[in-house]
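Student:
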Amino acid sequence: MNYQEILEKIKTKVEPVYAKEDLGVLNAEIKSSDIRTVLNYLKSEMSFDWLNFITAIDWIANNCIEVVYQLFSNITKDRVVIRVKLDRNKPEIETVSDIYRTAEWHERETAEMFGIKFSNHPYPNKLLTIDGMDSPLRKDFKCDDMKPLPKD
Amino acid sequence: MGLMNGVDENLIKKIPGAPIFMTSIEWVINASRANSLWTVTFGLRCCAIEMMHTGATKTDWARFGFEVPAASPRRSDVMVVAGTVSKKMAPIVKRLYEQMPEPKYVLAMGACAISGGPFLYDSYSVVYGVDKIIPVDVYIPGCPPRPEALLDGFIKLQKKIMTQKFRK
Amino acid sequence: MTQEKFELEKIATDEYILSMGPQHPSTHGVLRVILRMDGEYVIDLQPDPGYIHSSIEKICERRNYDQIMPYTDRMDYLSAVNYNWVYALAVEKLLGIKVPERAEYIRVILAEINRIMSHLLWFSAFGIDMGALTPIWYAFRERENLITLIEAQTGGRLTHNALRIGGVKNDLPKGFIEGLKKFLSNFEDYIDEYEALLINNVIFTARTKGIGILKKEIAISYGMSGPTIRGSNVSIDLRKTSPYSIYDKFDFKVCVGQNGDTWDRCKVRMDEMRQSANILRQAIEGMPSGDVMAKVPRVIKPAPGEVYEKVEGPRGETGVYIVSDGTEKPYRIKFRSPSFSNLSGLREICIGYKIADLVAIMGSLDLVIPEIDR
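Have a look at this one:
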């Protein structure tokens, strides 16, 4: 299926806020309350059985954090990217770890790196960092011991 | 063991002929320590693979006495820190060092253990060199160092052990 | 003072928490696994990574695109060429550069040599976990021959920094192809010997057959890839299902196992070494002549956009996701490592076994811990 057909099928369930095509892959931005409906539909009806990763991007200029879900279908070899924009001061979204089990660890890592809260997550503990490093991948993270690269 | 902790200098001078006797005893004890060092397998990152290569057949470290990689720190002499030490791992390095019995030696292998390596600038979770936590005897530079370089570092450690004295 | 009477029926094992700690010879790196045990059996477990977290993604946001290449081979140091390759593919797609054909063949040769090296090291380390201390000497003899070849081309024994954006830096040196042909001339006999030594050994099969069975639906849902999932009769290999570079020109088969237990995962890796030798022979035959580097601008500034590329590494699906904002440093870069997803499903396949079986199962997943923590 090309990206137009995938977009039409998604539109039968929810209305995306914004959709565009980037290097051949459909990028659909949806509201944060629709994320479970869309991912359930994509997994059960459209055979997208593989979640590559979940990550986030910190757009400090637009004051939002964008969560990105990359999906792939082993049967039809299609790709789709689902994006959700969250408010930077209070980012919250529902978990999808019961739909795709691999999301459990990806959501834990994204939550500690960006300060996002994934509600109803079965085990929301820190994975890689320790206390004292809060949301290190945000653009305004400051740490006393960090040494900047010297400019020659 | 009074001899191993050091003998008082004044006591030796009183006994006739004792300083000459002490040098032979020192040589025997140092040689037996230097030629059978047991290492703690503490490979953290890429340098661990080069450590395994030093023990393999092309460059063989068993010729020099490092035959036994004792996995537990409680029965080993040398700790080879091979890799990056992060802030989460730092208390564990200190605890392992304290579990080793005296006399103990530390080798810092690779750029990451000497000073932080390629992760020195712009990193929030790396300790800049393992000598901020434990005292180091020999530094071996490289990223990762060649097996011949690690062997050279070990031989320098052996020479350092041979110069130890028992007189306070 | 009364003493308790010795009653035979009341002897039972207790529950306790065991920390298979960061410094352990069998965890292949610094991984801590917190186990809840009942006697000798594992009831529950929770992996605790993060002891080698070096903030690579934050560092790469402050480096230029060509300065990131050496960082990519310090994450999974056993398959450094695959990480270099996926990063080069991603940046070339953003820039719209086409790599010359001779460079593609050289990339395939270096990557398949790296795959054989990685599987040989897995073979030695797994033998040591099981208590067999002989395979390491044999496997490292082969590894030394391959390291000499790669060092002649790239200059590095372990962290090769082999590829550049737009191709390869140098052409193959004199004597490389002859050395590779000499290595391949008796390599298949050596693999047969290693299989007979370890994989078909009576003690090894008793310790690994029927242990740690991974079902197909659980494997796909947890995102496991590579030989871990191919042992469960799932035929997903990115070199065949989503071919990248010139892999559609080579004729090789995807190795799968039947039952999904630990022994099948081991057998799949031994078969993959044979298939890699097959691909290397075909690549040496068909290599054309030409340049090895495309025309790349001196300062790399891709247009704003994003890309996700993936390749098949020795452990599974290796991917990189780059968001570019038009400057010479990436805005966000994320590395998708296969061991991260492979380890997250450890709970499903280990419950109810003894702790010695846990060591065997973890060894058969072939984890490299710095790749999980980045």
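Residue numbers (my numbering), protein chains in the order written: chain W, 534 to 685; chain S, 6 to 173; chain P, -15 to 358.
Glycine included, each C-beta is placed from N, C-alpha and C at the ideal position.
Quick caveat, the model's predicted, so the values are computed rather than measured.
1) Can you list the residues of chain P that S:P96 reaches, using a CB-CB cut of under 9 Å?
2) Identify the contact partners of S:K92 in chain W, using a Cβ-Cβ distance below 7 Å as the criterion.
3) Curious, which full-length alpha helix (DSSP H) runs of at least 4 residues does the region 161 to 214 of chain P contain?
4) Determine whether the beta carbon atoms of S:I166 and S:R80 lie at a separation below 9 Å.
5) Closest to W:F581 by C-alpha separation, out of W:F647, W:N573 and W:E640, would be which residue?
6) Using DSSP with H/G/I as helix, E/B as strand and the rest coil, what is P:Q30?
7) Listing by chain order, which chain S residues have their CB less than 8 Å from the CB of P:T143?
8) Which whole-angstrom value describes the C-beta separation of P:F234 and W:W638, a residue pair presumed to lie in contact below a C-beta threshold of 8 Å?
9) Give the residues of chain W in contact with P:V291, contact being defined as C-beta atoms less than 7 Å apart.
10) For P:P354 and chain S, any beta-carbon pair shorter than 9 Å?
11) Let me see if you follow: with CB-CB separation under 9 Å, is P:P6 close to chain S or not?
12) Output the distance between the C-alpha atoms of P:L164 and P:A267, rounded to the nearest integer angstrom.
13) Does the distance from the CB of P:D57 to the CB of P:N68 come in under 9 Å?
14) Distance cutoff 9 Å, beta carbons only. Does S:E55 sit that close to anything in chain P?
15) Classify W:I608: buried if its beta carbon has 16 or more other beta carbons within 10 angstroms, exposed otherwise.
16) Find the nearest neighbour of W:V617 within the set W:N535, W:D591 and W:S606, judged by alpha-carbon distance.
17) I'd like to check one pair, P:D22 with P:V352: are the Cβ atoms closer than 9 Å?
18) With a CB to CB cut of under 6 Å and the five nearest residues on each side skipped, what residues in its chain are close to W:T662?
19) If we cut at 9 Å on Cβ distances, does S:P106 have a partner in chain P?
20) Whole angstroms is fine: what's the gap from P:M114's alpha carbon to P:F188's?
21) Could you tell me which residues DSSP puts in a beta bridge with W:S652?
22) Using the C-alpha atoms, what's the distance from S:E107 back to S:M6?
23) Could you give the uninterrupted runs of the alpha helix (DSSP H) lying entirely in the region 70 to 118 of chain P, keeping only those of 4 residues or more?
24) Tell me which residues share the same chain as S:I138 and place their Cβ nearer than 6 Å to its Cβ, disregarding the 5 neighbours each side in the sequence.
25) Tell me whether P:P31 counts as near the ligand HEM, meaning its Cβ is closer than 8 Å to at least one heavy atom of that ligand.
26) Determine whether the Cβ of P:K42 lies closer than 9 Å to any Cβ atom of chain S.
27) Does the region 80 to 97 of chain P come close enough to the region 326 to 335 of chain P to have 3 or more Cβ pairs within less than 8 Å?
28) In terms of residues, what are the limits of the alpha helix (DSSP H) holding P:C250?
29) Return no unless some Cβ of chain W is closer than 9 Å to the Cβ of P:V307.
30) Given a limit of 8 Å on CB to CB distance, which residues of the region 113 to 133 of chain S reach chain P?
31) So with CB distances below 9 Å, who are the chain S contacts of W:K680?
32) Below 7 Å between beta carbons is the criterion; list the residues of the region 589 to 620 of chain W that meet it against any residue of chain S, in chain order.
33) Can you give the Cα-Cα distance for P:S260 and W:R569, rounded to whole angstroms?
34) What whole-angstrom Cβ distance do S:V83 and S:L112 have, given they're in contact under 8 Å?
35) Cutting at 7 Å between CB atoms, please list the residues of its own chain near S:S41, excluding the five before and the five after it.
36) So, is W:F647 buried or exposed, given that buried needs 16 or more other C-beta atoms within 10 angstroms?
Tutor: This is what the structure gives:
1) Below the 9 Å Cβ cutoff, chain P contributes no neighbours of S:P96, its closest Cβ being approximately 10 Å away.
2) Going along chain W in sequence order, the residues near S:K92 (Cβ under 7 Å) are I663.
3) Whole alpha helix (DSSP H) segments, 4+ residues: 171 to 178, 186 to 192, 200 to 205 and 211 to 214.
4) S:R80 sits away from S:I166, with the two beta carbons spaced by 9 Å or more.
5) Measuring from the Cα of W:F581, the nearest candidate turns out to be W:N573.
6) Secondary structure at P:Q30: strand, using DSSP grouped into helix, strand and coil.
7) Neighbours of P:T143 on chain S, chain order: C51, C148 and P149.
8) Not quite, the Cβ-Cβ distance comes to about 34 Å (not below 8 Å), so this is no contact.
9) Within 7 Å Cβ-Cβ: L556.
10) True, the Cβ-Cβ gap to chain S drops below 9 Å.
11) Interface criterion met: the Cβ of P:P6 is under 9 Å from a Cβ in chain S.
12) Using only the alpha carbons, I get a separation of about 11 Å.
13) Result yes, Cβ atoms of P:D57 and P:N68 sit closer than 9 Å.
14) It does; some Cβ of chain P falls within 9 Å.
15) Around the CB of W:I608, fewer than 16 other CB atoms lie within 10 Å, so the residue is classed as exposed.
16) Sorting W:N535, W:D591 and W:S606 by C-alpha distance to the C-alpha of W:V617 places W:D591 at the top.
17) With a cutoff of 9 Å on beta-carbon distance, P:V352 and P:D22 are scored as not near each other.
18) Answer for W:T662: E645, listed in chain order.
19) So, not an interface residue.
20) When only Cα atoms are considered, P:M114 and P:F188 end up about 8 Å apart.
21) Answer is W:E627.
22) Model confidence at S:M6 stands at a pLDDT of 43, short of 50, so the residue's coordinates are unreliable; what they give is reported in the following sentence. Roughly 12 Å separates the two Cα atoms.
23) Those alpha helix (DSSP H) runs which fall completely within the region 70 to 118 of chain P and span 4+ residues are 85 to 114.
24) Listed in chain order, the non-local C-beta contacts of S:I138 below 6 Å within the same chain comprise A95, V98 and K99, local neighbours out to five positions each way being set aside.
25) This structure simply doesn't include the ligand HEM, nor any ligand for that matter.
26) Look at P:K42: its C-beta is under 9 Å from a C-beta on chain S.
27) Here the region 80 to 97 of chain P makes no contact with the region 326 to 335 of chain P; the two share fewer than three CB pairs at distances below 8 Å.
28) Per DSSP, the unbroken alpha helix (DSSP H) holding P:C250 starts and ends at T246 to E269.
29) Among the CB atoms of chain W, one or more fall inside 9 Å of the CB of P:V307.
30) Going along the region 113 to 133 of chain S in chain order, one finds P123, F124, Y126, D127, S128, Y129, S130 and V131 with a Cβ nearer than 8 Å to chain P.
31) Chain S residues near W:K680: G121, L125, Y126, D127, S128 and Y133.
32) From the region 589 to 620 of chain W, no residue has a Cβ closer than 7 Å to chain S.
33) Approximately 42 Å between the Cα atoms of the pair.
34) Confirmed, Cβ separation roughly 6 Å.
35) Cβ-Cβ distances below 7 Å link S:S41 to G70 in the same chain, with the five nearest sequence neighbours on each side left out; the list follows chain order.
36) So W:F647 ends up on the buried side.
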